[in-house]
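Participant: Residue numbers (the numbering used here): 135 to 286. This is the structure I want to talk about, given as structure tokens.
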């Protein structure tokens, strides 16, 4: 099988940027409200909000631009700050995982390994129920895994 990349499409990256902007405006509003109502000596609250904003901004950008290379012998995760290759032989299962909050739900795909902790596959996540692209990417990853681990 040829090597292919799985990641967010243009529309998915656009939605991710929209949510990143919304999150930035929310944090800016919190910083302004904190600074305008704070008494002398409470400047550090704005600093805490700024640090939380930077962490959230990094997470959103890293999540939006993460992608995965599927090769005949391995899968390779690629994000802004890391590269990791996992041989197909180390993988025991590939499963979707849901996260529920009061604000909604989202799904990601996790790789469970024979040794070590499970890992989220970069570039495969959704916040929509029944997302065809998400289901298609999950099927492709499982197909590569099945072909790589099939007895010869």
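Idealized CB from N, CA, C, for every residue including glycine.
Hey, would you say residue 143 sits closer than 8 Å to residue 267, going by beta carbons?
Facilitator: Closer than 8 Å, so yes.
Participant: Note down the Cα distance separating residue 162 from residue 209, rounded to an integer number of angstroms.
Facilitator: So the two alpha carbons sit approximately 39 Å from each other.
Participant: Going residue by residue through the segment 156-216, where are the continuous alpha helix (DSSP H) segments of at least 4 residues, counting only ones entirely within it?
Facilitator: The segment 156-216 contains these whole alpha helix (DSSP H) runs: 178-199.
Participant: Is the beta carbon of residue 247 closer than 8 Å to that of residue 260?
Facilitator: Going by C-beta atoms, residue 260 is not nearer than 8 Å to residue 247.
Participant: Going by C-alpha distance, which of 207, 206, 157 is nearest residue 187?
Facilitator: When only C-alpha atoms are compared, the closest one is 157.
Participant: Have a look at residue 257 and residue 203 and give me their C-alpha separation to the nearest angstrom.
Facilitator: Their Cα atoms are separated by approximately 10 Å.
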